[in-house]
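Asks: Here the sequence shown is numbered in my numbering, starting from 156 and rising by one per residue.
A virtual CB, placed ideally from N, CA and C, is assigned to each residue, including glycine.
All values reported here derive from a predicted model rather than from experimental measurement.
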Amino acid sequence: MMNNRLHIKVALIDMDGILYDSMPNHARAWVQVMRHAGIEARPEEFFLHEGCTGAWMIDHKIRERYGRPATEAEKIELYALKKKFFMEQPPVSVMPGARDMVRELQRRGIITVLVTGSGQNSLLDRLDRDYPDAFPATRRVTSASVTHGKPHPEPYLRGLDLAGVSASEAIGVDNAPLGVMSSHAAGLYTVGVVTGPIPEAELSHAGADVVYNSMIECAENISRLLDKQ
Ligand code: CA
């Protein structure tokens, strides 16, 4: 419960599937990468594992198919290929409702911090334009910032470090079960948002304190949620 918690000062916000409607493109790019590596895969698998690092995903699929860990060279080569295939997908849109949520948080004086497992520069480079003043370079946790991807708490804990606040002063916003688990494990009040094929119950089960069914619904309710404390 957010009751009896300290005043919320910071929002730690995931990128893919929250700020950008980018997950279908990521899933398609991963399927192409796996085909290149001789591995048949379905797009749904990548929604299920959303939030893990690229290196983890590659290692997981190589182990599954070939019964051995991925080599460092494979991780580097296949992740570079993933970025290339992602760039070749149709343009990514800003997630409807996400700008309204970020503006509302900014209006309330809440510090916004990016917490993503991604290293996709084609999206990271758009943040300043699409979300002005929300995610400066000093307030970004990316794949380069952490050893462990989601569901490990490290990404969200790193976000708390960057903002210089404790878990009781922040909320996490994420759309994927692994992301919600990471935020929950970091001790954050966690807002889950359904923006893809993963059902609401999966986010609750992963530890979300509240679940919205779109970023539009999240934007409409975020102020009321923060007022409740
Ligand atoms: Ca996500």
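Measure the alpha-carbon distance for V365 versus R379 and round it to whole angstroms.
Replies: 12 Å
Asks: How should R313 be labelled, buried or exposed, when 16 other C-beta atoms within 10 angstroms of its C-beta is the threshold for buried?
Replies: Label assigned to R313: buried.
Asks: Below 8 Å between beta carbons: does that hold for G347 and L358?
Replies: yes
Asks: Verify whether the separation of the beta carbon atoms of I163 and E372 is less than 8 Å.
Replies: no
Asks: If the criterion is Cβ atoms closer than 8 Å, does the pair L279 and T297 meet it?
Replies: Taking 8 Å as the Cβ cut-off, L279 and T297 qualify as a contacting pair.
Asks: According to DSSP, is L380 helix, strand or coil?
Replies: helix
Asks: Tell me whether A155, by its Cβ, gets closer than 7 Å to a heavy atom of ligand 1.
Replies: Missing from the structure shown is residue 155; the chain here goes from 156 to 384 and no further.
Asks: Between which residues of its own chain and E229 is the CB-CB distance below 7 Å, once the five residues before and five after are set aside?
Replies: I213, I217
Asks: The beta strand (DSSP E) with L269 in it runs from where to where?
Replies: Segment 266-270, the beta strand (DSSP E) holding L269.
Asks: Compare the Cα-Cα distances from A322 to each of N330, P332, P310 and report the closest residue.
Replies: Of the candidates N330, P332, P310, the residue whose Cα lies closest to the Cα of A322 is P310.
Asks: Please classify G222 as buried or exposed, where buried requires at least 16 other C-beta atoms within 10 Å of its C-beta.
Replies: Of the other Cβ atoms in all chains shown, fewer than 16 fall within 10 Å of the Cβ of G222; this residue is therefore exposed.
Asks: Enumerated in chain order, which unbroken segments of the beta strand (DSSP E) with a length of 3 residues or greater are wholly contained in the segment 203-286?
Replies: 266-270
Asks: State buried or exposed for N368, treating a residue as buried only when at least 16 other CB atoms are found within 10 Å of its CB.
Replies: exposed
Asks: Confirm the yes/no value for this check: CB of A334, any heavy atom of ligand 1, distance under 7 Å.
Replies: Sequence inspection shows Gly at residue 334; the Ala mentioned does not correspond to that position. Answer for G334: yes, Cβ within range of ligand 1.
Asks: Which of the three DSSP states, helix, strand or coil, is assigned to R197?
Replies: The answer is coil: DSSP assigns R197 none of H, G, I, E or B.
Asks: Taking a contact to mean a Cβ-Cβ separation below 8 Å, would you say G172 touches N376 in this structure?
Replies: no
Asks: Are A166 and V328 closer than 8 Å when you measure CB to CB?
Replies: yes
Asks: Exposed or buried, M242, counting other C-beta atoms within 10 Å across all chains shown (16 or more means buried)?
Replies: Exposed, by the Cβ-count rule.
Asks: On the DSSP letters alone, give me the boundaries of the beta strand (DSSP E) that A340 sits inside.
Replies: Premise fails: A340 lies in the alpha helix (DSSP H), 332-340, not in any beta strand (DSSP E).
Asks: Please classify L174: does DSSP put it in a helix, a strand, or coil?
Replies: coil
Asks: Taking the beta carbon of E205 as the centre, do at least 16 other beta carbons fall within 10 Å, making it buried, or is it exposed?
Replies: E205 should be labelled buried.
Asks: Is E309 close to ligand 1? I mean its beta-carbon at under 7 Å from any heavy atom of the ligand.
Replies: no
Asks: Which class does N159 belong to by DSSP, given the choice of helix, strand or coil?
Replies: At N159, the pLDDT of 49 sits below 50, so the modelled position is not reliable; the number obtained from the coordinates is stated separately. Three-state DSSP puts N159 in coil, outside helix and strand.
Asks: Do you know offhand how far T208's Cα is from D283's?
Replies: 23 Å
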